[in-house]
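Residue numbers (the numbering used here): 34 to 189. Every residue gets a Cβ at the ideal spot worked out from N, C-alpha and C, and that includes glycine. Here the structure is a predicted model, which is why all the values come from computation and not from measurement. Input: a single structure, listed below in structure tokens.
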Amino acid sequence: MDLTDFWSEFGPMALWLLIGYVVVTLIGIGHTCFNWLILGMDTPEGVEKKSEWDVPAYTATLPFHPLYNIVVWPFVAWGYFQATQPTNIWIAAALVGISWTVIIILVDIPGWILIKHPWSLTWREFYIDYQPWITLVYLAILVSPFITAAVTQLVR
34 MDLTDFWSEF GPMALWLLIG YVVVTLIGIG HTCFNWLILG MDTPEGVEKK SEWDVPAYTA
94 TLPFHPLYNI VVWPFVAWGY FQATQPTNIW IAAALVGISW TVIIILVDIP GWILIKHPWS
154 LTWREFYIDY QPWITLVYLA ILVSPFITAA VTQLVR
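Quick look at the structure:
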């Protein structure tokens, strides 16, 4: 893949991005629900839940968020590389890693901040209070195609 192929490969790249995003999000939600329902991590009696930071079942998952991503995204990149068979896997890894990271940052803004839902966060909660985890999540997404490219080169 080079820059001229980028737009022709955007469809498969977007499909694999969607798969990865849904899988990682479901793992995170599942982990939170497990903590709440199975482990009994609940907001203490008398504490008003003002945000997700007041929910122990959620906050206990934070250190795991980068781990979910560094495990899932290399497999997603592998799926993408298998589907597209790029001629230069390193250029493809760079384009895919940067594209996925930028797109996910742009999707996270409405998905977790602007659109209000029970799990939404404020700008401060998402980009300041969620440190270092959100930065490590984005870094995991960025480097995952490179991890996949390196492993692919090693096994050939």
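Residue i to residue j, Cα distance in whole Å?
i      : j      : result
Phe122 : Trp133 : It should be pointed out that residue 122 corresponds to Ile in this sequence rather than to Phe. Cα to Cα, the separation comes out at about 16 Å.
Trp156 : Tyr113 : 32 Å
Glu158 : Arg189 : 44 Å
Gly44  : Tyr101 : 24 Å
Leu147 : Ile137 : 14 Å
Glu81  : Ile71  : 22 Å
His64  : Leu187 : 33 Å
Leu50  : Pro77  : 37 Å
Ala173 : Trp166 : 10 Å
Cutting at 6 Å between CB atoms, please list the residues of its own chain near residue i, excluding the five before and the five after it.
i      : result
Pro29  : In the structure displayed, the chain extends from 34 to 189; residue 29 sits before or after that span and is not available.
Thr181 : Pro107, Ala110, Trp111
Gln118 : none
Residues in its own chain within less than 7 Å of residue i by CB, not counting five upstream and five downstream?
i      : result
Asp162 : Trp86
Trp69  : Asp75, Ala90
Gly61  : Thr94, His98, Tyr101
Consider the C-beta atom of residue i and the heavy atoms of the ligand SAH; say whether any pair is separated by less than 6 Å.
i      : result
Val135 : Within the structure as shown, the ligand SAH is missing, as the structure has no ligands at all.
Go ahead and pull the three-state DSSP assignment for residue i.
i      : result
His64  : helix
Leu95  : helix
Pro143 : helix
If I measure Cβ to Cβ from residue i and keep anything under 8 Å in the same chain, skipping five residues before and after, which residues do I get?
i      : result
Val56  : Val105, Val109
Thr185 : Trp111, Phe114, Ile122
Within 10 angstroms of its Cβ, does residue i collect 16 or more other Cβ (buried), or is it exposed?
i      : result
Val88  : buried
Ala47  : exposed
Val176 : buried
Gly73  : exposed
Val170 : buried
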